[in-house]
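Asks: If you read the sequences in order, they're chains A and B. Sequential numbering of the first sequence, starting at 0, is according to numbering that gives the first Met the number 0. Sequential numbering of the second sequence, starting at 0, is according to numbering that gives the first Met the number 0. No residue lacks a Cβ here, since even glycine has one placed at the ideal position from N, Cα and C. Here you go, one structure.
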Amino acid sequence: MPGVSRIQAKRYAVGYLFISPWIVGFLAFTLWPFLQSVYLSFTRYNIVSPAKWVGVANYRMLLTQDELFWKTAWVTIKFAAISVPLAIVIGVALAMLLNIDIKGITVFRTLFYLPSIVPTVASSVLFIWLLNPNIGLFNKLLATVGIHGPAWLKTAPWAFYSLVLMSLWGVGGSMVIYLAGLKDIPTPLYEAATIDGANSFRKMRHITLPMMTPVIFFNLVMGIIGSFQYFTQAFVISPTGGPQDSTYFYSLYLYNRAWKYLDMGYASAMAWMLFLIIIVLTTAVFRTQKRWVHYEG
Amino acid sequence: MTIDTSRWKRLLLWTAALVLTVVVFANGYSTPRQYPQRKVVRFWHRWQGDWEKQVKKIVDAFNQSQAEYEVVPVSIPGDGADAKFILGVIGGDPPDLMSMGSGAVPNLAANGFLASLDDLMTPDEKTRFLKDSYPSIRDVGMYKGKCYGVTIGADLMALYVNCKQLREAGFDPDHFPQTLEELEDMGMKLNQWDANHNLTRLGFLMSDLGYVSHSFGGGFNVKDDGTLELNTPQNLRALTTIVDYRKKVGLDNVLRFQAGLNNIEGAASWSFMRGDLTVTYDGQWRVEELRKFKPDLEYRVYPLPAPKDGGTPRGGQVGGNYMIVPVSAKQKSGAWEFLKFWTGLDNPDRAATFYNMGGWLPYSPSVANSPTFQKWLKGDPQFQAFLDILASPNCKAPPPIANYQFLADLIGRAEDQATQGAISPKQALEELESKFKEERAKRRELGYDE
């Protein structure tokens, strides 16, 4: 009926009108720059002058002539390989602790969540003080048990591991998601296990962890993406990636190439290489999910 | 009839908020204008705290000195100032004038971000500028024969010496070592340690390879014909000296000690003021800070003594804040008028006051020899050491190449790797040169003119 389709078209129009700010924003500020950067990665470009086509030269140089590309990629991969699993283990462990029904648990939950909303620059400056080898809290605590703490941010490889440690500071964000996942596990499963005589460890091993795998999977994917774009803390602590390039992350090198050396074309090629790496790794993780992620129903 | 006052209050509040938002955002300038009828010159700088107040005083003096322009200063803090400037230029809303770190000037000029200041100068001003300036200060702002940056606050380094600590150790601060070797021996005797063998006071330490290499007859240079002077025997000697001395003190001891220093630039908490450093290498702005924050500290300033054989006295490299005008600035002539006023190109004696406010190095001997500057120098005689270095032929400008920032990062990386003991000084410089060559080959292939 023509009348009905007109009403339906009007409804669609109203719907699109409501979401139009997002659509316009997405097209203008995400999709267009995204496509533009593909073109720019094949050019020499400094923002003010017109881009000059250089073919695949940027990619070839990246892969065959740029030692820093491989070095910074390795630092980033190593960071992802250590910090993402650590963040999952600590996030799940904290969520389990904060799932215990004791008095004042909401206060504890708030306290553990709070660090994740502290601005990154502020928390980075805070850590510079905490990790000060002479007057910092970390080395003061280590000294109480007779350990002469390292010069954390001033020496390799400690500077790198300091950043891994700092990344755990914001684990409260994922912890809240784990906690929601824990709350979602049906109680009858635990009741049945109790009747069957399962102890707490077995309940965790055979009920909690399997039921949490969708949430763990989500945080794993987000963690990989986030750690490959790790930038702010490294930039605040050492904008040139020192000591000994140990904190020279891929995104930091990309930033320097773009804004310091004004090689926007080269930086665009670097951004696309990063995109490809993330896509490959995310796809690989997605492929494994059938083997270890358990969805209800 | 009753009137709902809370509803009216709410309406009034929303209206006030709306008006405020419109005023703040539609105006385009968050800083209030003092002279709205004048042409506005937007000036971005990177000074904060006490420095920002000095800048404000200079701006006020300019605004009161004439009736055509109003300079509106905005402090752009942090390492991201370069990126903000670039975004301002490409976004079509750049400042009219910006104070930028000198290292960025050639790259920005090569990439077409900057207006040539030659075009803003009258022929007479240009002749005077080229003739009057200290050559090393002038050359920092030059790229391919044109001037793109003029300093209002160039920086140099020299040794600050704590007289009391020297006397306590049996040295006479007025008979300072004449060679680097003598200074190193003295420095070792001035170190102090606690019971756990932690360094509590550092006698002397040399760093900043790019700078000190000039005292060894070296320097990291790329000549106009493309010849590289990077991995040279002089630069190798400079880096080896830095590393060997650190080894004597202990690499880890130095790292720990330096990391523990509460060394916030521009603050009254400089470690030298607190007595943690006896002889330390620092910039000329510290003279004014010492006068303000620690007037009772007796100290001397000396140029870094050159090594005994083959060294070059009063060596150094100029850096610091350089004023640039973006190519798309709307008020270039106003920017140039303010720049002239601050530098003293038109009136050296008036500008001397501005240089003295921040303890900055003057752009020319005509400012340094002006009555006002000389009078100030009598009160801060230690500043003379910096003027001596500035007047020396061994005080140089960094190479005016577009990828200077890349080279500066390589120099920093080489020093970092060698002082941490990861590789030898020889390997560090070989690596530096080979990486620079690779980068140059890449740039050539991509069609850059250098």
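Please report the Cβ distance between C146(B) and R299(B), rounded to the nearest whole angstrom; I am assuming they are in contact, meaning their Cβ atoms lie under 8 Å.
Replies: Rounded, the Cβ-Cβ distance is 36 Å, inconsistent with contact.
Asks: So P105(B) and Y403(B) are in contact, right, with Cβ under 8 Å, and what is the actual spacing, rounded?
Replies: Their Cβ separation, rounded to whole angstroms, is 5 Å, which keeps P105(B) and Y403(B) in contact under 8 Å.
Asks: Check the Cβ of D118(B) against every Cβ in chain A and list those closer than 8 Å, keeping chain order.
Replies: Under the 8 Å cutoff, chain A gives no residues; its nearest Cβ is about 18 Å from D118(B).
Asks: Along chain B, in chain order, which residues have C-beta atoms closer than 8 Å to that of S48(A)?
Replies: What S48(A) touches in chain B: N110 and G111.
Asks: With DSSP run on the structure shown, which of helix, strand or coil describes F170(B)?
Replies: F170(B): coil per DSSP, three-state reduction.
Asks: Roughly how many whole angstroms lie between the Cα atoms of K307(B) and A168(B)?
Replies: Distance between the alpha carbons of K307(B) and A168(B) is about 24 Å.
Asks: Hey, is I323(B)'s beta-carbon within less than 8 Å of any beta-carbon in chain A?
Replies: For I323(B), the answer is no, since every Cβ of chain A falls outside 8 Å of its Cβ.
Asks: Would you call the region 377-395 of chain B and the region 166-185 of chain B touching, i.e. three or more CB-CB distances under 8 Å?
Replies: Touching, no, given that fewer than three Cβ pairs across the two stretches are closer than 8 Å.
Asks: Name the one or two DSSP bridge partners that H44(B) has.
Replies: BP columns for H44(B) point to S74(B).
Asks: Where W375(B) and W73(A) are concerned, what is the direct C-alpha to C-alpha distance, given to the nearest angstrom?
Replies: Using only the alpha carbons, I get a separation of about 55 Å.
Asks: With DSSP collapsed to three states, give me the class of P20(A).
Replies: Three-state DSSP puts P20(A) in a helix.
Asks: State the beta-bridge partners of C146(B) as determined by DSSP.
Replies: Answer is M141(B), bridged to C146(B).
Asks: Would S64(B) and H44(B) qualify as a contact pair, given that the criterion is a beta-carbon distance under 8 Å?
Replies: The answer is no: Cβ separation not under 8 Å.
Asks: Measuring only between beta-carbons, confirm whether L254(B) sits less than 8 Å from chain A.
Replies: L254(B) counts as touching chain A.
Asks: Enumerate in chain order the residues of its own chain whose CB-to-CB distance from Q53(B) is below 7 Å, with the five nearest sequence positions on each side excluded.
Replies: Cβ neighbours of Q53(B) beyond the five flanking positions: M356 and G357.
Asks: Closer than 8 Å, CB to CB, is I146(A) near chain B or not?
Replies: No, its Cβ sits nowhere closer than 8 Å to a Cβ of chain B.
Asks: Report the three-state DSSP secondary structure of G318(B) (helix, strand or coil).
Replies: In this structure, G318(B) counts as strand in the three-state DSSP scheme.
Asks: What does DSSP give as the partner residue(s) for Y68(B) in the beta ladder?
Replies: Note: Y68(B) sits in a beta bridge opposite K38(B).
Asks: Comparing alpha-carbon positions, which option in L19(B), D81(B), G420(B) and K188(B) lies nearest M322(B)?
Replies: Of L19(B), D81(B), G420(B) and K188(B), the residue nearest in Cα terms is D81(B).
Asks: Out of T186(A), P213(A) and M269(A), which one is the CA nearest neighbour of Y254(A)?
Replies: Selected option, being the one with the closest Cα: M269(A).
Asks: For Q243(A), go through chain B and note every residue whose CB falls closer than 8 Å to its CB, in chain order.
Replies: The answer, in chain order, is D415, Q416, Q419 and A421.
Asks: By how many angstroms is the C-alpha of Y210(B) removed from the C-alpha of E264(B)?
Replies: Only weak support is given to the placement of E264(B): the predicted model assigns it a pLDDT of 49, under 50, and the value that follows is read from those uncertain coordinates. Each residue's alpha carbon lies about 19 Å from the other.
Asks: Would you tell me roughly how many angstroms separate the C-alpha atoms of S48(A) and I116(A), rounded to the nearest one?
Replies: Those two C-alpha atoms are separated by around 40 Å.
Asks: Just the chain B side, please: which residues come within less than 8 Å of W271(A) by C-beta, in chain order?
Replies: By Cβ distance, chain B contributes nothing, its closest Cβ being about 17 Å from W271(A), past 8 Å.
Asks: Ends of the beta strand (DSSP E) at N346(B)?
Replies: Unbroken run through N346(B): none, as it is neither H nor E.
Asks: Any Cβ of chain A within less than 8 Å of the Cβ of L428(B)?
Replies: So no, L428(B) is outside the interface.
Asks: If you run the structure through DSSP and keep just helix, strand and coil, what is G358(B)?
Replies: In the structure shown, G358(B) sits in coil (DSSP, three-state: anything other than H, G, I, E or B).
Asks: L227(B) bridges to which residues according to DSSP?
Replies: DSSP, once it has assigned bridges, lists V221(B) as partnering L227(B).
Asks: Cα separation between D92(B) and L67(A)?
Replies: Each residue's alpha carbon lies about 34 Å from the other.
Asks: Note down, in chain order, each residue of its chain lying with its Cβ closer than 7 Å to the Cβ of R313(B), except the 5 sequence neighbours on either side.
Replies: So the qualifying residues of the chain are P302, D387, I388, S391, N393 and C394.
Asks: Going along the chain, which residues of its own chain have a beta-carbon closer than 6 Å to the beta-carbon of K157(A), five neighbours each way excluded?
Replies: Position check: residue 157(A) holds Trp in this sequence, whereas Lys was assumed. Hits under 6 Å: P149 and W151.
Asks: Which residue wins for smallest C-alpha separation from L275(A), given the options V235(A), T287(A) and F227(A)?
Replies: That would be F227(A), whose Cα lies nearest to the Cα of L275(A).
Asks: Secondary structure at F137(A), three-state DSSP: helix, strand or coil?
Replies: Of the three classes helix, strand and coil, the one that applies to F137(A) here is helix, per DSSP.
Asks: With a threshold of 8 Å on Cβ separation, who are the neighbours of L409(B) within its own chain once the five nearest residues in sequence on each side are excluded?
Replies: Excluding sequence neighbours, L409(B) sits near L431, K434 and F435.
Asks: Shortest alpha-carbon distance to P361(B) belongs to which of K377(B), F382(B) and N230(B)?
Replies: The option with the nearest alpha carbon to P361(B) is F382(B).
Asks: Can you find at least 3 beta carbon pairs, one from the region 162-177 of chain A and one from the region 120-132 of chain A, that sit closer than 8 Å?
Replies: Yes, the region 162-177 of chain A touches the region 120-132 of chain A.
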